[in-house]
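Peer 1: I'd like to ask you about the structure that follows.
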Amino acid sequence: MKKLVSILMALVMLLGSAAAVAEGSVSTDGSTSMEKVIGALGEYFTEENKGVNFTYNPTGSGSGIAAVLEGRCDIGLSSRDLKDAERESGLVETVLAYDGIAIIVHPENPVSDLSLENIAKIYTGEIANWKEVGGADAEIVLIGREAGSGTRDGFETITGTNDACQYRQELTSAVSQNPAAIGYASLAALKDTVKAVSVEGVVPSEETVKDGSYRVQRPFVLVTRKDVPLSETAQKFFDFATSADAAWIISLAGAVSAADTPATE
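Numbering of the sequence shown is given in the working numbering, commencing with residue 37 and proceeding in unit increments.
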């Protein structure tokens, strides 16, 4: 009888512990480019941890970084590296995955490959007509992302066009509606309504991002505060998301897990 009571007590304690985790929550805020990745990870995590409340607020990288700094979320999401000032404020970055930034054009555009140099010249206005890069005789319409976007920051940093791009619009969906438009978008969020061109002969894909041959790529980053530990549930999600066990989920969402790249093996 005593043995049975002991087993029941142990079971009650175990269930009580599980319930405490199940009643927890994880709040994330930030990069819109990370929607598929963080959504897939959150869905799997809540399936494995019934009762956990997982939230994702797609506000953009800059807003997500500010949200975690101000204590408005557990984990900030950024599709760019932290800046020195952000690190100095007490924030810590952990690379979750790597994502290519696809250079996109209208499906009817005959241009299929661009050099990094020509992409920079196009966005700064030095190349203004598609015929200069093998396309039709038409003025190039430059589409970008909004200020504060991690995708924009990554694109401009890689192409060396910071604060020099001559954007016509800041709505990526406009590329699918204008044969003369060019834009850029997260590979993890690429739609079939546009065409991704190769860059210097390399097609953007999970494989070329992983081996580094596709040069227009950036990190997906989890941002936390150095001075404020995560709750038990948030820490459990963080540990899961950054583990090799989550690599297949990240891959299905169109990105490359940092735990599955040569640099981290």
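All residues carry an ideal CB built from backbone N, CA and C; glycine is no exception. Only a predicted model underlies this, so the values are computations on that prediction, with no experimental measurement involved.
#1: Just the Cα atoms here: how many angstroms apart are I139 and D263?
#2: Would you call the region 123–143 in contact with the region 78–98, where contact means no fewer than 3 C-beta pairs closer than 8 Å?
#3: Residues in the same chain with beta-carbon distance under 8 Å from S241, minus the five sequence neighbours each way, listed in chain order, please.
#4: Comparing alpha-carbon positions, which option in L105, N214, K86 and G112 lies nearest N93?
#5: Taking the CB atoms as reference points, tell me whether G96 and S185 lie closer together than 7 Å.
#6: Tell whether a beta-carbon distance below 7 Å holds between S177 and A221.
#7: Just list the residues that DSSP pairs N89 with in beta bridges.
#8: Run through DSSP, which three-state label would V239 get?
#9: Tell me which residue opens and which closes the alpha helix (DSSP H) that D247 is part of.
#10: Under 7 Å between C-beta atoms, does S151 make it to chain B?
#11: In its own chain, which residues sit with a C-beta less than 8 Å from the C-beta of L207, not counting the 5 before and 5 after it?
Peer 2: Inspection of the coordinates gives the following:
#1: Looking up residue 139 in the sequence shown gives position 103. Looking up residue 263 in the sequence shown gives position 227. I139 and D263: Cα-Cα distance of roughly 39 Å.
#2: no
#3: Translated into the one-based positions of the sequence shown, residue 241 becomes position 205. Correct list, in chain order: G136, L223 and Y250.
#4: Within the sequence shown, the letter at position 57 stands for residue 93. Cα-wise, what sits closest to N93 is G112.
#5: The residue given as residue 96 occupies position 60 in the sequence shown. The residue given as residue 185 occupies position 149 in the sequence shown. Yes, the Cβ-Cβ distance between G96 and S185 is below 7 Å.
#6: For this step, residue 177 is matched to residue 141 along the sequence shown. For this step, residue 221 is matched to residue 185 along the sequence shown. It should be pointed out that residue 177 corresponds to Val in this sequence rather than to Ser. Taking 7 Å as the Cβ cut-off, V177 and A221 do not qualify as a contacting pair.
#7: Working through the sequence shown from its first residue, we reach residue 89 at position 53. In the DSSP output, where bridge partners are listed per residue, N89 has S61.
#8: Mapped onto the sequence shown, residue 239 falls at position 203. Coil, per DSSP.
#9: Your numbering for residue 247 matches position 211 in the sequence shown. No alpha helix (DSSP H) contains D247, which DSSP labels as neither H nor E.
#10: Annotation note: the requested chain B is absent from the structure, which comprises a single protein chain.
#11: Along the sequence shown, read from residue 1 onward, the residue named residue 207 stands at position 171. Excluding sequence neighbours, L207 sits near I179.
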